[in-house]
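Engineer: Residue numbers (the working numbering): 1411 to 1557.
For every residue, glycine included, the Cβ atom is placed at its ideal position computed from N, Cα and C.
Quick one: structure below, then a few questions.
Now the structure itself:
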């Protein structure tokens, strides 16, 4: 049941992240200003939190991995989509010259969705290992007492 939820949530997060990643603040001129891709940051934060929830809820690495792979697949399809109705700006020298902000935001979302999956897997494994170590170190009731 949780696996299906993770797969579906990964697809939804991929669509939402693709829709929201293009929001950015430009400080200065379009071609020479500083870009703050806050939409991509929000989308990646959503990915991280959802994958952490899935991994800690399931006590497993499989569920957040499936969610992350699904999200990355949706982002990749949007990134590589041909035609004039693209939702992301694929990287090229021309795109960076004409549309630096959207190109940077698209790269951050596309590559970041894969990176966040790796980060969430490491965090889930670390938290699960820490919790297991704490559980092992707790004395069981009656242990250490002379009867």
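Are the beta-carbon atoms belonging to residue 1572 and residue 1526 less than 8 Å from one another?
Structural biologist: The chain is shown only over 1411 to 1557; residue 1572 falls outside these bounds and no answer can be derived.
Engineer: Determine the extent of the alpha helix (DSSP H) in which residue 1508 is found, giving its start and end residues.
Structural biologist: Run containing residue 1508: 1503-1508, per the alpha helix (DSSP H) assignment.
Engineer: Need the endpoints of the beta strand (DSSP E) that residue 1436 sits in, please.
Structural biologist: 1435-1437
Engineer: For residue 1411, which of 1473, 1443, 1453, 1463 has the nearest alpha-carbon?
Structural biologist: Among 1473, 1443, 1453, 1463, the Cα nearest to that of residue 1411 is on 1473.
Engineer: Should residue 1484 be labelled buried (16 or more other beta-carbon atoms within 10 Å of its own) or exposed?
Structural biologist: buried
Engineer: Residue 1512 to residue 1547, Cα distance in whole Å?
Structural biologist: 50 Å
Engineer: State the start and end residues of the unbroken beta strand (DSSP E) segment that holds residue 1422.
Structural biologist: Residue 1422 -> not in any beta strand (DSSP E); alpha helix (DSSP H) instead, spanning 1412-1430.
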